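Residues 5 to 252 in the UniProt record's numbering are what the sequence shown spells out, letter by letter.
Just so it is clear, CB atoms sit at the ideal spot from N, CA and C, and this is done for glycine as well.
As the structure is a computational prediction, the values presented were derived from the model and not from experiment.
In what follows, a structure is listed as structure tokens, so that the remarks can point back to it.
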Amino acid sequence: QVVTQSLLYVDGVSVTFDGFRALNQLSFIIAPGEMRAIIGPNGAGKTTMMDVITGKTKPDTGDVIFAGETDLTQLDETAIANLGIGRKFQKPTVFESHTVEDNVLMAVKADRTVFGTLFSRHSRPIMARVDEILGIVRLGDHRARMASELSHGQKQWLEIGMLLAQDPKLLLVDEPAAGMTDAETAATADLLKDIAKSHSVVVVEHDMGFIRELGVKVTCLHEGSVLAEGTLDQVSSDDRVIEVYLGR
Ligand code: ADP
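Written as structure tokens, this is what we have:
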């Protein structure tokens with residue numbers, strides 16, 4: 005069955021704000037282990053889609069089934085986060101007056117506390133987990149620095165690391181490359197590809213070069229629905245996508 009084999013099964017989701025249809029019968033499927041890029045012009049409904057998945061916005065109609073069984077439209081934001089759905093907003097929110105290492109350590113400890121294992125036999129490998137995460141997000145050499153001293157790009161990576169501490173089953177990432185230098189953008193693509201080896205990821209992004217680096221399936225939204233879906237080459241050569249998005 006399609007639903008039970010999907011990590012995220014979005015079916016016929018509509019959201020109306022004051023009579024305006026922000027999402028209009030939106031349907032798409034994320035497979036377990038997949039990384040997907042979501043594109044589309046401003047106002048296409050990308051943020052609203054993320055808000056529906058995380059429970060911030062409730063749809064008027066439609067289903068959002070997680071891991072083949074849980075209807076996210078029936079749960080609040082905390083319950084959805086506890087299922088293992090992590091969201092990275094565009095603006096990084098790290099603890100500026102703590103070191104890079106402490107930021108990740110706090111996130112790892114918070115996760116263990118949630119599951120009641122902080123002082124149990126699991127407490128010893130906490131630093132091993134911190135090291136592992138710092139390596140994944142390319143901040144091993146910066147661990148002793150204050151978070152406030154990091155570049156914009158490095159802060160984004162640190163926040164991704166803090167989300168990884170929760171071992172999310174699905175990671176939602178909003179415009180990770182926005183405001184980054186070319187070198188940081190390239191490193192971010194590498195980093196997400198590493199993360200995608202062991203996580204499912206949905207990335208909303210405008211930077212086509214960045215999406216090409218990711219090399220993943222692309223979904224283009226327009227007026228709250230899926231306009232086109234496929235490889236980046238397929239989607240970017242679609243006449244409707246060129247008209248509403250790329251050709252501007
Ligand atoms: P995107 O992220 O693709 O730019 P959004 O999901 O932010 O698109 O917005 C989709 C449409 O819904 C836009 O036209 C936006 O103005 C409208 N919208 C989003 N949130 C609200 C809200 N809280 N109240 C009214 N309109 C909203």
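In this structure, residue 52 has its CB closer than 6 angstroms to one or more heavy atoms of the ligand ADP.
When distances are taken from the beta-carbon of residue 26 to the heavy atoms of the ligand ADP, the shortest one is below 6 angstroms. A distance below 8 angstroms between beta-carbons, with the five flanking residues on each side excluded, links residue 99 to the following residues of its chain, in chain order: 106, 107, 110 and 151.
Not one heavy atom of the ligand ADP falls within 6 angstroms of the beta-carbon of residue 72. For residue 81, the CB contacts under 7 angstroms within the same chain, skipping 5 residues up- and downstream, are 58, 59 and 60 in chain order.
Taking a contact to require three or more Cβ pairs closer than 8 angstroms, the segment 153–167 and the segment 73–89 do not qualify as touching.
Distance from the CA atom of residue 96 to the CA atom of residue 42, rounded to whole angstroms, is 20 angstroms. In the pairwise beta carbon analysis, the segment 216–225 is classified as touching the segment 190–197: at least three pairs are separated by under 8 angstroms. The Cβ-Cβ distance between residue 170 and residue 90 falls below 7 angstroms.
Taken through DSSP and simplified to helix, strand or coil, residue 160 comes out as helix. Rounded to the nearest angstrom, the Cβ distance from residue 63 to residue 27 is 7 angstroms, consistent with a contact under 8 angstroms.
The beta carbons of residue 176 and residue 54 sit closer together than 7 angstroms.
Counting C-beta atoms within 10 angstroms of its own C-beta, residue 24 has fewer than 16 neighbours from the protein chains shown and is therefore classed as exposed.
When distances are taken from the beta-carbon of residue 47 to the heavy atoms of the ligand ADP, the shortest one is below 6 angstroms.
The closest CA to that of residue 174, considering only 12, 102 and 7, is found on 12. The beta carbon of residue 32 sits closer than 6 angstroms to the beta carbons of 14, 223 and 230 from its chain, once the five residues preceding and following it are set aside; these are given in chain order. Burial state of residue 211 is buried, judged by a 10 Å Cβ sphere holding 16 or more other Cβ atoms.
Here residue 37 is near residue 204, since their CB atoms are less than 7 angstroms apart.
Distances taken from the Cβ of residue 21 to the heavy atoms of the ligand ADP include one shorter than 6 angstroms. Inter-residue distance for residue 227 and residue 250 is about 15 angstroms (C-alpha atoms, whole angstroms). Along the segment 137–209, the beta strand (DSSP E) occurs as fully enclosed runs of 3 or more residues at 174–178 and 204–208, listed in sequence order. Rounded to whole angstroms, the separation of the alpha carbons of residue 94 and residue 184 is 11 angstroms.
If you draw a straight line from the Cα of residue 143 to the Cα of residue 179, it comes to about 20 angstroms. Assignment of residue 241 by DSSP, reduced to helix, strand and coil, places it in the coil class.
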